[in-house]
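See structure below.
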Amino acid sequence: MANFTTHIGVAASAGAAIAASGLSAQLWPLTQAPAIVLLVALGGIMPDIDADKSRSTRLIFTVLAITAALSALALARPCLSILGATCLALALYVGIRDVVAVVFRALTRHRASWHSLLAVTAVLFSTTTVSYRCFGQPARLAWSHGMAVAAGMLIHLLLDECFSIDLEGARLKRSFGTALKLFDYRRPYATALMAGATLLVMAWAPHWPF
Ligand SMILES: [Zn+2]
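Structural data, given as structure tokens:
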């Protein structure tokens, strides 16, 4: 399988190409280009979120913790004092980075449910919905954010499969076919949970604007 540096390097380069193409097609303004590059790069390491003690896991949970803390600050500020909102943001940051991450690692297995097209769909709808509902982005931009992360994830799965091909020995390694799959056939409960969560988030997603 490809390592962390390969995944983030390839995804960030693809992100720059996608950001530039979207800019010339007038899909987003110049100010959005860095966000698109970052989201594709983040998607590029997202499937390895289930790899115990990996750099991807630490980085993804830190980004998720910061996003949740910032959202809490923005959403809770009208109802709470500045001290209350800051405490809530801090609690969310520490909770996601140090508690949710540990529980998540204990419950998941590497190259299982998160290396699948179902996971790509789940993250596509979740990112779009969070961008639209929590950050107040217009539907068109929210879908662009969701598709940027999904594109990064697809690149990751393709890279993992490419690294499963032993060109010198002209044979397929045992890991071939474990990254790019529709869903995790061997874990029906985890798959059902992910499919259910995806359907739930779909109901909250904005309409397709393109
Ligand atoms: Zn992987």
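First residue of the sequence shown: -2, per the working numbering; consecutive thereafter.
By construction, the Cβ of each residue, glycine as well, lies at the ideal position given by its N, Cα and C atoms.
Put simply, the residues with a CB less than 5 Å from any heavy atom of ligand 1 are Pro44, Asp45 and Asp157, in chain order. Check the Cα spacing between Ala(-1) and each of Ala13, Ala17, Ala48 and Ala139: the tightest is with Ala48. If you draw a straight line from the Cα of Ala109 to the Cα of Glu158, it comes to about 14 Å.
Annotation for Ala98: Phe58 place their beta carbon closer than 6 Å to its own, counting only its chain and skipping 5 residues before and after. Rounded to the nearest angstrom, the Cβ distance from Ser113 to Asp181 is 6 Å, consistent with a contact under 8 Å.
Rounded to the nearest angstrom, the Cβ distance from Ala187 to Ile33 is 30 Å, too far for a contact under 8 Å. Ala194 and Leu156 have their C-alpha atoms spaced approximately 27 Å apart. For Ala11, same chain residues with a beta-carbon under 8 Å away, outside a window of 5 residues either side, are Val37, Gly41, Ala148, Gly149 and Ile152 in chain order.
In the structure shown, the three-state DSSP call for Trp201 is helix. Taking a C-beta distance under 9 Å as the contact criterion, Pro26 and Leu20 qualify as a contact pair. Secondary structure note for Arg130: its alpha helix (DSSP H) is the uninterrupted segment Leu114 to Arg130.
Within a 10 Å sphere around the beta-carbon of Pro44 sit 16 or more other beta-carbons, which makes this residue buried. Of all alpha-carbon atoms in Cys131, Ala16 and Pro135, the one lying nearest the alpha-carbon of Leu67 is that of Cys131. Taking the Cα of Ala139 as reference, the smallest distance to any Cα among Leu196, Pro206 and Leu85 is reached at Pro206. Considering only Ala13, Val96, Ala202 and Val91, the residue with the shortest C-alpha distance to Leu121 is Ala202. Ranking Ala30, Leu77 and Arg183 by CA distance to the CA of Arg106 puts Arg183 first. Taken in chain order, the complete alpha helix (DSSP H) segments of 4 or more residues contained in the segment 2 to 84 are 30 to 42 and 52 to 73.
When the five nearest sequence neighbours on each side are left out, the beta carbons in the same chain lying within less than 7 Å of the beta carbon of Leu24 are those of Ser141, in order along the chain. Shown here, Ser141 sits in a helix according to DSSP, grouped into three states.
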